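The sequence shown begins at 1183 in the working numbering and counts up by one. Yeah, the Cβ is synthetic: ideal placement off N, Cα and C, and Gly gets one too. Remember, it's a predicted structure, so these values are computed and weren't measured experimentally. Notes follow the structure.
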Amino acid sequence: MDHPDGYGIVSRSLHWLMAALLAWQFTSAASRQFLPDTPIEDFFWFSHTSLGVLLLTLALLRGAWALANARRRPNTGYIARFGHLVLYALMVTIPTLGLLRAYGRGRGFSPFGIEIFSPRDHEIESLVELANSWHGLLGWTLLTLAVGHAFMAFLHRRADGRPVLSYMTKGK
């Protein structure tokens, strides 16, 4: 469980696992944007949609765990709490938009071999357009905020002088 002096092993594990998966996602998106039709893009992009579903699942699990530990967590202040809320919202919204686009395209979707929905005969343009308009923009926004989040974690210190980063590296 979490503690006012630091996050517990479940929170820390989910945080660092998601950080690694998000780094892979951002690398795959960057390779698709800047290195199209290359072996580098192929290497990273093949897993983008499946990992997006995994990240959505982990974000929901992590959010539920955070709510279950709400009274035990370190007091990070209102600005940090708002920032975390925005990060969580983006980590749910972005893959949801990806799912809507996949559904709208009508091709079917089976991440990790698990069928989420089967192929259809027609496309739903409004879903595809919605996701095309927002998925990438919000993804790059998430990258920017995640980098800012990491920077602030390194920069800030607690009242006792310990780095705020120790909440997520050492626990209590």
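When the Cα atoms are used, what is the spatial distance from residue i to residue j?
i        : j        : result
Leu-1282 : Leu-1237 : 15 Å
Trp-1316 : Ile-1276 : 8 Å
Phe-1226 : Val-1346 : 32 Å
Ile-1222 : Ser-1193 : 32 Å
Pro-1301 : Arg-1289 : 4 Å
Pro-1256 : Arg-1263 : 10 Å
Gly-1321 : Leu-1217 : 18 Å
Ser-1210 : Ala-1341 : 39 Å
Phe-1228 : Gln-1207 : 11 Å
Ala-1252 : Gly-1353 : 15 Å
Ala-1205 : Leu-1337 : 21 Å
Smallest Cα separation from residue i: which of the options?
i        : options                                   : result
Gly-1234 : Pro-1186, Ile-1191, Gly-1286 and Ser-1292 : Ser-1292
Leu-1196 : Leu-1217, Ala-1248 and Asp-1224           : Ala-1248
Gly-1245 : Pro-1256, Arg-1253 and Val-1274           : Val-1274
Leu-1261 : His-1230, His-1185, Met-1183 and Ala-1335 : First, the amino acid is wrong: residue 1261 is Ile here, not Leu. Nearest of His-1230, His-1185, Met-1183 and Ala-1335 to Ile-1261, Cα basis: Ala-1335.
His-1331 : Pro-1301, Leu-1312, Gly-1265 and Phe-1294 : Gly-1265
His-1304 : Gly-1286, Ile-1298, Gly-1321 and Asn-1314 : Gly-1286
Ala-1212 : His-1230, Ala-1201 and Gly-1259           : His-1230
Leu-1203 : Phe-1333, Leu-1337 and Leu-1325           : Leu-1325
Val-1310 : His-1338, Ala-1205, Ala-1284 and Arg-1214 : Ala-1284
Gly-1259 : Val-1329, Lys-1352 and Arg-1339           : Arg-1339
Ala-1250 : Arg-1344, Gly-1343, Gly-1190 and Ala-1201 : Gly-1190
Quick one: give me the first and last residue of the alpha helix (DSSP H) that residue i is part of.
i        : result
Ala-1328 : 1307-1337
Arg-1253 : Element bounds for Arg-1253: n/a, residue is neither H nor E.
Met-1350 : 1348-1351
Ile-1261 : 1260-1287
Glu-1297 : Neither: Glu-1297 is in no alpha helix (DSSP H) and is coded neither H nor E.
Pro-1221 : 1221-1227
In the DSSP output, what is residue i paired with across the bridge?
i        : result
Pro-1345 : Arg-1339
His-1185 : Gly-1188
Pro-1291 : The question names Pro, yet the displayed sequence has Phe at residue 1291. Note: Phe-1291 sits in a beta bridge opposite Phe-1299.
Check the C-beta distance from residue i over to residue j and give it rounded, since I have them as a contact under 8 Å.
i        : j        : result
Val-1268 : Leu-1327 : 7 Å
Gly-1188 : Ser-1308 : Incorrect: roughly 46 Å between the Cβ atoms, too far for contact.
Leu-1279 : Ala-1313 : 4 Å
Leu-1199 : Leu-1243 : No, Leu-1199 and Leu-1243 are not in contact; Cβ-Cβ is about 10 Å, not under 8 Å.
Met-1350 : Arg-1254 : Their Cβ separation, rounded to whole angstroms, is 15 Å, which puts Met-1350 and Arg-1254 out of contact at 8 Å.
Phe-1294 : Ser-1232 : 5 Å
Less than 7 Å separating the Cβ of residue i from some heavy atom of the ligand GTP?
i        : result
Gly-1188 : The model depicted lacks the ligand GTP and carries no ligand whatsoever.
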